[in-house]
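Asks: Numbering-wise, the numbering used here comes out as the position in the sequence shown, counting from 1, plus 7.
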Amino acid sequence: MSDVFNDAFDIALPPPVVDQLNNKAHINEREEFVFDHEGVSGRFGALDGEMEWNNGKNRATYENELENDGFKGVHKYTSGGEVDQFWQDLFGIYTWETYAEEGEISWDIDPINMKMTLGQKDSKTGTSYSGNKAAISSEAELEIKVDLTEDSVTVTFSPDFETSGIDEAKINAPEMVSHVKHGDIDYSGSLAFEVPSTSKCSQYFSGNNFHSKSSCDVNIKSSDLPAEIAIRMKHKFAFVKAGSMMAYVKSENRKGDMVPFDKLMYISLYATDGVTGRPFATIKRKFNEVGKELLLTVPLVGAFEKEIFPAAMAYGKKWNKFFENVFANPPNSVVKAVYWMDKWVPSVQPSTFDISSIVAATRIGCGEVPNVSVQAMVKTFAESMANEMKEHEFEMLVEAREFVNDVNKAEKEATRKFALPA
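Quick look at the structure:
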């Protein structure tokens, strides 16, 4: 602390102050952080440590055992004491009065054989204010293994865990005790991710020399599933398949024909649970033949450049003359247009605000609401807007013009009424 003040503030603390601070917190000769404050004290070292708080009513310890330069080891811990108000509020365990916990976290990393095992054990016991007891224990292990060949890789996860709990409750009298087990879980399984050809996947995602035979396959095998999950990414489509269920994505053009992904036109997402035979027999169907299996179609950069932007320009072109006249001589032209709005607005047509051609170019839609339905909704809105404008009476404009006429006719009245005093 003295060094901190010297370096930061160029202030030398008095020796009694330094001694007092060192008694509160310091690094001892074993390079352990030691602290002693009112109600809490402890020692934290690299390999072990301990801490007491709540005026000694609670205590926790830890210990680290390391081997093979840290590639193998175990971290053991204990904790126990009163369940004070803070922990009651944090975990909502208002019935527990005391608790005790012990456990360990272990690891074993074998870089040569590309294998890693992680483990965890924990047991908790608690006593309620009424004297009842509860115990919860868990043990888990996760093995991760990588198998490599010249052009393939398989990563396998093998989890194994179990939990158990028991309540011990006194019934009417201390000698009568009920034991109830609850929440027991015992699970063991495996999950493997296999890439049969890492070179193909590397070439596929790099985008270099992307062609009709570009592909990347990933196979997922789980002990909990009756069939393996196949992921295949091809030149114009990709899919995830498990049994008869399949989700797939296609790169499409304006007509819905499949095109290479690097064209960046439209992406359509599909899902079905009725796949029979080879997946491509399902995938090659046209987008307008699959019904609700089409989840969504969205445009990409290429679609904006080649389809959507030209459609927007074509629609905007018919407004050129209108805006040229409105802004021909501002602000006079703008004021004139607003002043006589009720005279030109009735020229509106159902096609005036119809942007269905732009909507069609986006191809946005899904099986339940296809793009043609979105176009129809846009057309209906444009017709409704045109009808509203035709029927609008513009009462405020009529009143405004009457006011202006009254002002224009007031020359003699203004000369007489507002003559300045001599």
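Every residue gets a Cβ at the ideal spot worked out from N, C-alpha and C, and that includes glycine. In this text the structure is predicted, and so the values were computed from the model without any measurement.
Count the other CB atoms, across all protein chains shown, that sit within 10 Å of the CB of K350; report buried if there are 16 or more and exposed otherwise.
Replies: By one-based count along the sequence shown, residue 350 stands at place 343. Burial call: exposed.
Asks: In the DSSP output, what is H44 paired with across the bridge?
Replies: Here residue 44 refers to the residue found at position 37 when the sequence shown is read from its first residue. V47, per the DSSP bridge assignment.
Asks: The beta strand (DSSP E) with W114 in it runs from where to where?
Replies: Taking the first residue of the sequence shown as position 1, residue 114 is located at position 107. Its beta strand (DSSP E) spans residues W103 to D117.
Asks: Restricting to Cα atoms, I'd like to know which of S209, K241, G52 and I236 is closest to K220.
Replies: Taking the sequence shown and counting its residues from 1, the one referred to as residue 220 is at position 213. Ranking the options by Cα distance to K220, first place goes to K241.
Asks: Taking C-alpha atoms, which residue in V341, F330, V355 and F316 lies nearest to A7?
Replies: Because the chain spans 8 through 429 in this model, residue 7 falls outside it and cannot be assessed.
Asks: May I ask you to verify whether the segment 117–124 touches the segment 95–103, counting CB pairs closer than 8 Å and requiring at least 3?
Replies: Contact between the segment 117–124 and the segment 95–103 is absent, because fewer than three Cβ pairs lie under 8 Å.
Asks: Just curious, the beta strand (DSSP E) that T279 is in, first and last residue?
Replies: Residue 279 sits at position 272 when you count from the first residue of the sequence shown. Where T279 is concerned, the enclosing beta strand (DSSP E) stretches over Y273 to T279.
Asks: Compare the C-alpha of W114 against each of T134, Y106, D91 and E148 and name the closest.
Replies: Looking up residue 114 in the sequence shown gives position 107. Comparing Cα-Cα distances from W114 to each of T134, Y106, D91 and E148, the minimum goes to E148.
Asks: Find out if the Cβ-Cβ distance for the pair K257, K270 is shorter than 9 Å.
Replies: For the purposes of this step, residue 257 is identified with residue 250 of the sequence shown, where counting begins at 1. For the purposes of this step, residue 270 is identified with residue 263 of the sequence shown, where counting begins at 1. No, these two residues do not count as a Cβ contact at 9 Å.
Asks: Here's the rule I'm using: 16 or more other beta-carbon atoms within 10 Å means buried, otherwise exposed. How should N75 be labelled?
Replies: Against the sequence shown, residue 75 aligns to sequence position 68. With fewer than 16 Cβ atoms within 10 Å of its Cβ, N75 is classed as exposed.
Asks: Using C-beta distances below 8 Å, list every residue in its chain close to E300, excluding the 5 sequence neighbours before and after it, in chain order.
Replies: The residue labelled residue 300 in the question sits at position 293 within the sequence shown. Result list for E300: Y277, A278, T279 and G374, in chain order.
Asks: What's the gap between the Cα of V1 and the Cα of N260?
Replies: In the structure as shown, the chain starts at 8 and stops at 429, and residue 1 therefore has no counterpart that could be examined.
Asks: CB-CB under 7 Å to Y69, same chain, minus the five flanking residues each way: which ones, in chain order?
Replies: Your numbering for residue 69 matches position 62 in the sequence shown. So the qualifying residues of the chain are D55, G56, H82, K83 and Y84.
Asks: Classify V90: buried if its beta carbon has 16 or more other beta carbons within 10 angstroms, exposed otherwise.
Replies: Residue mapping note: residue 90 aligns to position 83 of the sequence shown, counting from 1. Looking at its Cβ environment, which holds 16 or more other Cβ atoms inside 10 Å, V90 is buried.
Asks: At the level of alpha carbons, what is the spacing between N339 and V308?
Replies: As a position in the sequence shown, residue 339 is number 332, starting the count at 1. As a position in the sequence shown, residue 308 is number 301, starting the count at 1. So the alpha carbons of these two residues sit roughly 41 Å apart.
Asks: Go through its chain and collect everything with a Cβ distance to V381's Cβ below 7 Å, but skip five positions before and after it.
Replies: The sequence position of residue 381 within the sequence shown is 374, counting from 1. Here the set comprises V366, I371 and G372.
Asks: Between the alpha carbons of D413 and K343, how many angstroms are there, rounded?
Replies: As a first step, residue 413 must be located in the sequence shown, where it is residue number 406. As a first step, residue 343 must be located in the sequence shown, where it is residue number 336. For D413 and K343, the distance between alpha carbons rounds to 18 Å.
Asks: Determine the contact status of E314 and M272, defining contact as a CB-CB distance below 9 Å.
Replies: Position 307 of the sequence shown, counting from 1, holds the residue named residue 314. Position 265 of the sequence shown, counting from 1, holds the residue named residue 272. Cβ atoms of E314 and M272: closer than 9 Å.
Asks: From T156 to S209, what distance separates their C-alpha atoms?
Replies: Within the sequence shown, residue 156 is the residue found at index 149, counting from 1. Within the sequence shown, residue 209 is the residue found at index 202, counting from 1. Between T156 and S209, the C-alpha separation is close to 15 Å.
Asks: Which same chain residues, not among the five before or five after S222, have their C-beta less than 8 Å away from its C-beta?
Replies: For the purposes of this step, residue 222 is taken as the residue at position 215 of the sequence shown. Taken in chain order, the residues that qualify are K207, Y211, R239, M240, K241 and H242.
Asks: Based on the DSSP output, what are the partners of T163 in its beta bridges?
Replies: As a position in the sequence shown, residue 163 is number 156, starting the count at 1. K152 and A199, per the DSSP bridge assignment.
Asks: Where DSSP assigns a beta bridge to I238, which residues make up the other side?
Replies: The count along the sequence shown starts at 1 and reaches residue 238 at position 231. Note: I238 sits in a beta bridge opposite V225 and V247.
Asks: Among G196, S204 and K131, which one has its Cα closest to the Cα of P233?
Replies: Indexing the sequence shown from 1 puts residue 233 at position 226. The shortest Cα separation from P233 among G196, S204 and K131 belongs to G196.
Asks: What number of angstroms, rounded off, separates the C-alpha of A389 from the C-alpha of V341?
Replies: Translated into positions along the sequence shown, residue 389 becomes position 382. Translated into positions along the sequence shown, residue 341 becomes position 334. Whole-angstrom Cα-Cα distance: 24 Å.
Asks: With a cut-off of 8 Å on the beta carbons, I'd call G145 and F168 a contact; round off their distance for me.
Replies: Residue mapping note: residue 145 aligns to position 138 of the sequence shown, counting from 1. Residue mapping note: residue 168 aligns to position 161 of the sequence shown, counting from 1. Contrary to the premise, residue 145 reads as Ser rather than Gly in this sequence. So it is a contact: roughly 7 Å between Cβ atoms.
Asks: Mind reading off the beta-carbon distance from G88 to N62? Whole number of angstroms is fine, and I expect it under 8 Å.
Replies: Residue 88 sits at position 81 when you count from the first residue of the sequence shown. Residue 62 sits at position 55 when you count from the first residue of the sequence shown. About 10 Å; that fails the 8 Å criterion.
Asks: Closest to K325 by C-alpha separation, out of P353, K248, F294 and S358, would be which residue?
Replies: As a position in the sequence shown, residue 325 is number 318, starting the count at 1. Minimum Cα distance to K325 is reached at S358.
Asks: Is G284 buried or exposed, if buried means 16 or more other CB atoms sit within 10 Å of its CB?
Replies: Here the question's residue 284 lines up with position 277 in the sequence shown. Flag for G284 reads exposed.
Asks: Under 9 Å between the Cβ atoms of T105 and G133?
Replies: Mapped onto the sequence shown, residue 105 falls at position 98. Mapped onto the sequence shown, residue 133 falls at position 126. Yes, the Cβ-Cβ distance between T105 and G133 is below 9 Å.
Asks: Indicate the three-state DSSP secondary structure (helix, strand or coil) for T359 in the structure shown.
Replies: Taking the sequence shown and counting its residues from 1, the one referred to as residue 359 is at position 352. The answer is coil: DSSP assigns T359 none of H, G, I, E or B.
Asks: In terms of alpha-carbon separation, which member of R50, D43, L125 and K416 lies closest to G80?
Replies: Counting from 1 along the sequence shown, the entry for residue 80 is found at position 73. The shortest C-alpha separation from G80 is found at L125.
Asks: DSSP on R292, reduced to helix/strand/coil?
Replies: For the purposes of this step, residue 292 is taken as the residue at position 285 of the sequence shown. Note: R292 maps to coil in three-state DSSP.
Asks: Would you call F287 buried or exposed, if buried means 16 or more other Cβ atoms sit within 10 Å of its Cβ?
Replies: Taking the sequence shown and counting its residues from 1, one reaches residue 287 at position 280. When all chains shown are included, F287 counts as exposed.
Asks: Determine whether the beta carbon atoms of I151 and M123 lie at a separation below 9 Å.
Replies: By 1-based counting over the sequence shown, the position of residue 151 is 144. By 1-based counting over the sequence shown, the position of residue 123 is 116. Cβ distance < 9 Å, so I151 and M123 count as in contact.
Asks: Let me know the alpha helix (DSSP H) ranges lying completely inside the segment 375–414, each 4 residues or longer, listed in chain order.
Replies: Entirely contained in the segment 375–414, the alpha helix (DSSP H) runs reaching 4 residues are, in chain order, 378–398.
Asks: Measure the C-alpha to C-alpha separation of E398 and F246 and round it to an integer number of angstroms.
Replies: Looking up residue 398 in the sequence shown gives position 391. Looking up residue 246 in the sequence shown gives position 239. Rounded to whole angstroms, E398 to F246 spans 53 Å at the Cα level.
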